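Residue numbers (this note's numbering): 1 to 216. We treat Cβ as the ideally placed atom computed from N, Cα and C, and that holds for glycine. These numbers come from a predicted model, not from an experiment. A short worksheet on the structure shown next.
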Ligand SMILES: C[S@@+](CC[C@H](N)C(=O)[O-])C[C@H]1O[C@@H](n2cnc3c(N)ncnc32)[C@H](O)[C@@H]1O
């Protein structure tokens, strides 16, 4: 993905190729958990495809991303939809999430960003997300996942290899994946509401809730 993001104007096309056109239905499913009036943080918002869907549902969104070119596309998208008031875009990394106040968001969402974070930054992001969420706030995630069983690992490699190659040739993009995100969420003070894997277990959608108990 990182190489794709060096050509952000190709990003939306590249991501549709990589997900065999499934990304739009994934975004639609993720925002089913957004309600009118929600104040939402979109981590690694990229070109804003998920953010604008949340706004369509009546939310206001703060989108953060380290890539100014991706944010520029998100900004144009918001402008075209007349969503400038509903979408605040901030050029910042997850490492700066400590700047947000405690309990300031109803929902935090992220698609395809966590697979780009080093492990220590993912851990930090989970801690910060729990802090910035209101009590019982939802954490909504869609991302690439490493299958757990050997057969699915092999199948995943065989199916994805030509796809990744074609995508790389067309868009100069590559990809990575998360492992055990469900377990990491639980040990970071989240209660799993739903976990949805596709058949190959190479894409995971998780809805988690900030649990009431404070972590010791
Ligand atoms: C694959 S894109 C996904 C974009 C968007 N969420 C989507 O679903 O299309 C990953 C995004 O995460 C951003 N990103 C990567 N590392 C980040 C970090 N440390 N802090 C904030 N954003 C980051 C990248 O700049 C990129 O825009």
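Q.
Considering Cα atoms alone, identify which of 120, 46, 140 and 207 is closest to residue 67.
A. Here residue 67 is taken as the residue at index 67 of the chain shown, counted from 1. Answer by Cα proximity: 46.
Q: Consider the Cβ of residue 18: report whether some Cβ of chain C lies at a distance smaller than 8 Å.
A: No chain C is present in this structure, which holds just one protein chain.
Q | Heavy atom of ligand 2 within 7 Å of residue 112 beta-carbon | A | Questions concerning ligand 2 fall outside what the structure shown contains, since the ligands it does hold are ligand 1.
Q | Cβ contact check for the stretch 83-101 and the stretch 59-66: 3 or more pairs under 8 Å | A | yes
Q. Out of curiosity, what's the CA-to-CA distance linking residue 86 and residue 59?
A. Taking the first residue of the chain shown as 1, we reach residue 86 at position 86. Taking the first residue of the chain shown as 1, we reach residue 59 at position 59. Answer to the nearest angstrom: the Cα atoms are 7 Å apart.
Q.
Please identify the residue among 11, 149 and 43 whose C-alpha is closest to the C-alpha of residue 200.
A. Residue numbering aside, residue 200 sits at position 200 when the chain shown is read from its first letter. Checking every option, the nearest Cα to that of residue 200 belongs to 149.
Q) In whole angstroms, what is the alpha-carbon distance linking residue 147 and residue 183? A) Position 147 of the chain shown, counting from 1, holds the residue named residue 147. Position 183 of the chain shown, counting from 1, holds the residue named residue 183. Looking at the two C-alpha atoms, the distance is approximately 14 Å.
Q | Collapsed DSSP secondary structure at residue 104 in the structure displayed | A | Start at 1 with the first residue of the chain shown, and residue 104 comes out as number 104. Reduced to three states, the DSSP call for residue 104 is coil.
Q) From what residue to what residue does the alpha helix (DSSP H) around residue 71 run? A) By 1-based counting over the chain shown, the position of residue 71 is 71. Its alpha helix (DSSP H) spans residues 68-80.
**Q.** Own chain partners of residue 105 with C-beta closer than 7 Å, once the 5 adjacent residues on each side are dropped
**A.** In the chain shown, residue 105 corresponds to position 105, counting from 1. The answer, listed in chain order, is 39, 40, 41, 132, 133, 134 and 137.
Q.
Considering only heavy atoms of ligand 1, does any lie closer than 7 Å to the CB of residue 65?
A. Here residue 65 refers to the residue found at position 65 when the chain shown is read from its first residue. Because some heavy atom of ligand 1 lies under 7 Å away, the Cβ of residue 65 counts as near it: yes.
Q.
If the criterion is Cβ atoms closer than 8 Å, does the pair residue 222 and residue 83 meet it?
A. The displayed coordinates of the chain run from 1 to 216. Any statement about residue 222 would go beyond what the structure contains.
Q: Under 6 Å Cβ to Cβ from residue 90, same chain only, skipping five residues before and after it: list those, please.
A: Counting from one through the chain shown, the residue named residue 90 turns up at place 90. Taken in chain order, the residues that qualify are 64.
Q: Helix, strand or coil for residue 3, going by three-state DSSP, please let me know.
A: For the purposes of this step, residue 3 is identified with residue 3 of the chain shown, where counting begins at 1. In this prediction, residue 3 scores a pLDDT of 45, lower than 50, which makes its location untrustworthy; no coordinate-derived value is stated.
**Q.** 8 Å Cβ cutoff met for residue 117 and residue 185
**A.** By one-based count along the chain shown, residue 117 stands at place 117. By one-based count along the chain shown, residue 185 stands at place 185. In this structure, residue 185 does not lie closer than 8 Å to residue 117 by Cβ.
Q | Residue from 110, 209, 20 and 204 with nearest C-alpha to residue 187 | A | Along the chain shown, one-based indexing puts residue 187 at 187. Cα-wise, what sits closest to residue 187 is 209.
Q: Assuming residue 115 and residue 74 form a contact by the criterion Cβ under 8 Å, report the distance between their Cβ atoms to the nearest whole angstrom.
A: In the chain shown, the residue the question calls residue 115 occupies position 115. In the chain shown, the residue the question calls residue 74 occupies position 74. With a Cβ gap of about 19 Å, residue 115 and residue 74 do not count as contacting.
Q.
So if DSSP puts residue 40 in a beta bridge, which residue, or which two residues, is it bridged to?
A. Along the chain shown, one-based indexing puts residue 40 at 40. 61 and 107, per the DSSP bridge assignment.
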